[in-house]
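*Asks:* My structure is below; once you've seen it, I'll send some questions.
Protein chains in written order, with this note's numbering: chain Y, 5 to 292; chain V, 7 to 145; chain B, 161 to 280.
Here it is in structure tokens:
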């Protein structure tokens, strides 16, 4: 009997703790609060790495690990993405067969607008990414779509990021727009959900596991994750898009990975970029 | 011998009290002892083998192998629709089909069992996540 | 009679001695398998998170605690087996994959890795 009582008490306490926990921040459409999430994430990193400035998280792992920062600063002296930015500029300024160009598809002629992506499109009822609109621009003008992961799309995206350097991300989840909020929530849920045969969430490596060695690798902190994309990754030996990295990470959990620009990945980008609001665009970047 | 069993039972008692469900008791025993172990739960005896492992313990015939492979493929479709398909399952299913083609029916049965198990646990993983994903969010 | 006893004894002793290396061989094989699982990237890859005092271990990660004092930490070897089989049972948020529950390793490989790390 005593055991049962103790057990019952234990269960009640456990249930109560869980309830207060759940009430703290939004895990459903009624309570979801992107700004509270962003503040909680910043607090998490402040507590975890008190010496690192929040603004420095655009530099990824190099914000929190002095040893790898040294190597990276050296690498950045001759940025490996330099060629891609030049190539991207050339592609950006080369007219399509119909005489129009990328500049005709974007606000401000496509210059200095990286920080506005991704955004919620009320008309289309979905999250729009920069790469998506690059391809839409091509199709609208009778050109073939580019492949999502690397090559020309990454180069055009890199040039557009380059022209936006130091602009501040200010992603909006329109208040009262249930569908936008649902997209944000799905991205958030994806980030924290364990999946795949290895039972790993994004958070396993990039929140709790950030700056802790997996073999010789230090997983980057999730704060500032998206600011430097597209990225020249030494492991790839070339430039690649954010969604190429998403697919790779997803696969690393031993899940059947989603394809770049899948709605779920766009929602993930929406959530992650909102988390980096207040940080600056510093893409393209160089990473190990 | 009886005494040892009693002691073992007593030693396990607190854990059992907390691990009430059959699934928890099953997993704890499988985790500690591996397959083909017998344990008692709620007064009855059970073994620690996965249902899929039992499904593979049939006569190694083409028909049986094909039957289990079809079940495994259906399960994997189910987990795929939830967005929780595992990376290697598709190849295991392919290997099972190749084993059938090569006339290696026991091998095919074992591979199909593994694939079906992966799919079933993937579905379980989905339902667990639906209830618990929020626990990982910093407050 | 005495002769017989002696004979039986020596037979028994011979049997014991000859049996001993056989057991040791089996165990040595099992430990070798456990070590391969521990170090192998597509197998256990335990080394990616757990440092171990084995001369063949290099570039170990530190996501998890080092593999030391296993006998003291897990006086019951079966509890250690259970931890490897499904670490999320004790900590649902753990980064450690459920190597048994998700059938990442075979049950034989899990037994082998238990034997290997129990030496440290």
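C-beta atoms are modelled at their ideal positions from N, C-alpha and C, and glycine is treated no differently. This one's a predicted model, so the numbers in the text were calculated from it and none came from an experiment.
How many whole angstroms separate the CB atoms of residue 279 of chain Y and residue 45 of chain Y, which I take to be in contact at a CB cut-off of 8 Å?
*Replies:* 5 Å
*Asks:* Throw me the rounded Cβ distance for the residue 114 of chain Y and residue 96 of chain Y pair, which I believe falls under 8 Å.
*Replies:* 7 Å
*Asks:* Comparing alpha-carbon positions, which option in Y:168, Y:292 and Y:213 lies nearest residue 249 of chain Y?
*Replies:* The shortest Cα separation from residue 249 of chain Y among Y:168, Y:292 and Y:213 belongs to Y:292.
*Asks:* Helix, strand or coil: which one does DSSP assign to residue 4 of chain Y?
*Replies:* In the structure as shown, chain Y starts at 5 and stops at 292, and residue 4 of chain Y therefore has no counterpart that could be examined.
*Asks:* Are the C-beta atoms of residue 142 of chain V and some chain B residue less than 8 Å apart?
*Replies:* yes
*Asks:* Tell whether a beta-carbon distance below 8 Å holds between residue 272 of chain B and residue 193 of chain B.
*Replies:* yes
*Asks:* Which residues in chain V have a C-beta closer than 8 Å to the C-beta of residue 242 of chain B? List them in chain order.
*Replies:* Result: 34, 37 and 38.
*Asks:* Which whole runs of the beta strand (DSSP E) in the segment 133–204 of chain Y are 3 residues long or more, in chain order?
*Replies:* If we require 3 residues or more, the segment 133–204 of chain Y turns out to have no beta strand (DSSP E) run fully inside it.
*Asks:* Distance check for residue 206 of chain Y and residue 195 of chain Y, CA to CA, integer angstroms please.
*Replies:* Distance between the alpha carbons of residue 195 of chain Y and residue 206 of chain Y: 5 Å.
*Asks:* Using a Cβ-Cβ cut-off of 8 Å, state whether residue 216 of chain Y counts as contacting chain B.
*Replies:* yes
*Asks:* Should residue 98 of chain Y be labelled buried (16 or more other beta-carbon atoms within 10 Å of its own) or exposed?
*Replies:* exposed
*Asks:* Quick check on this structure: which residue in B:249, B:244, B:262 and B:275 has the alpha carbon closest to the alpha carbon of residue 94 of chain V?
*Replies:* B:262
*Asks:* When you compare each of Y:204, Y:222, Y:124 and Y:212 to residue 128 of chain V by their alpha carbons, which one comes out closest?
*Replies:* Ranking the options by Cα distance to residue 128 of chain V, first place goes to Y:204.
*Asks:* My understanding is that residue 118 of chain Y touches residue 176 of chain Y, with C-beta atoms under 8 Å, so please give their C-beta distance in whole angstroms.
*Replies:* With a Cβ gap of about 15 Å, residue 118 of chain Y and residue 176 of chain Y do not count as contacting.
*Asks:* Could you compute how far the alpha carbon of residue 259 of chain Y sits from the alpha carbon of residue 200 of chain Y?
*Replies:* Our two residues, residue 259 of chain Y and residue 200 of chain Y, have alpha carbons roughly 4 Å apart in a direct line.
*Asks:* Could you check if residue 151 of chain V is buried or exposed, using at least 16 other CB atoms within 10 Å of its CB as the buried criterion?
*Replies:* Examination of residue 151 of chain V is not possible in this model, given that chain V is present from 7 through 145 alone.
*Asks:* Closer than 8 Å between beta carbons: that is the criterion. Which residues of the segment 180–206 of chain Y meet it against chain V?
*Replies:* 192, 193, 196, 197, 198, 199, 200, 201, 203 and 205
*Asks:* Among Y:269, Y:145 and Y:130, which has the Cα closest to the Cα of residue 108 of chain Y?
*Replies:* Y:145
*Asks:* Suppose you measure from the CA of residue 290 of chain Y to the CA of residue 83 of chain Y; what does that come to, to the nearest Å?
*Replies:* 7 Å
*Asks:* Helix, strand or coil, according to DSSP, for residue 297 of chain Y in the structure here?
*Replies:* No answer is possible for residue 297 of chain Y: the residues shown for chain Y start at 5 and end at 292.
*Asks:* Do the CB positions of residue 64 of chain Y and residue 232 of chain Y come within less than 8 Å of each other?
*Replies:* yes
*Asks:* If I measure Cβ to Cβ from residue 277 of chain Y and keep anything under 7 Å in the same chain, skipping five residues before and after, which residues do I get?
*Replies:* 122, 173, 175 and 230
*Asks:* In chain C, what lies closer than 7 Å to residue 258 of chain Y by C-beta?
*Replies:* Absence of chain C from the displayed structure is noted, the protein chains being Y, V and B.
*Asks:* For residue 218 of chain Y, which residues does DSSP report across the bridge?
*Replies:* For residue 218 of chain Y, which the question treats as bridged, DSSP gives the partners Y:221.
*Asks:* Could you tell me which whole alpha helix (DSSP H) segments of length 4 or greater appear in the segment 53–124 of chain V?
*Replies:* 57–61, 68–87 and 95–107
*Asks:* Rounding to the nearest angstrom, what Cα-Cα distance links residue 43 of chain Y and residue 35 of chain Y in this structure?
*Replies:* 15 Å
*Asks:* When you compare only the Cα positions, how much space is there between residue 114 of chain V and residue 60 of chain V?
*Replies:* 14 Å
*Asks:* Counting only beta-carbon separations shorter than 8 Å, does residue 347 of chain B have a partner in chain V?
*Replies:* No answer is possible for residue 347 of chain B: it lies beyond the span of chain B, which begins at 161 and ends at 280.
*Asks:* On a Cα-Cα basis, can you pick out the residue from Y:263, Y:243, Y:235 and Y:228 that is closest to residue 282 of chain Y?
*Replies:* Y:228
*Asks:* Would you mind reading off the limits of the beta strand (DSSP E) that contains residue 251 of chain Y?
*Replies:* Counting along the chain, residue 251 of chain Y falls outside any beta strand (DSSP E), though it belongs to the alpha helix (DSSP H) covering 246–256.
*Asks:* Ordered along the chain, which non-local residues of its own chain (more than five positions away) have a Cβ less than 6 Å from that of residue 257 of chain Y?
*Replies:* Excluding positions up to five away in sequence, the list reads 199, 200, 202 and 204.
*Asks:* Counting only Cβ-Cβ distances shorter than 7 Å, please list the residues of the segment 106–136 of chain V near chain B, keeping chain order.
*Replies:* The segment 106–136 of chain V vs chain B, Cβ under 7 Å: 120, 123, 124 and 127.
*Asks:* Let's test the definition: count the other Cβ atoms within 10 Å of the Cβ of residue 186 of chain B and tell me whether it reaches 16, buried, or not, exposed.
*Replies:* exposed
*Asks:* Do residue 106 of chain Y and residue 225 of chain Y count as a contact pair if the criterion is CB distance below 8 Å?
*Replies:* no
*Asks:* How far does the beta strand (DSSP E) with residue 297 of chain Y in it reach, from first residue to last?
*Replies:* The structure shown does not extend to residue 297 of chain Y, since chain Y spans only 5 to 292, so no value can be given for it.
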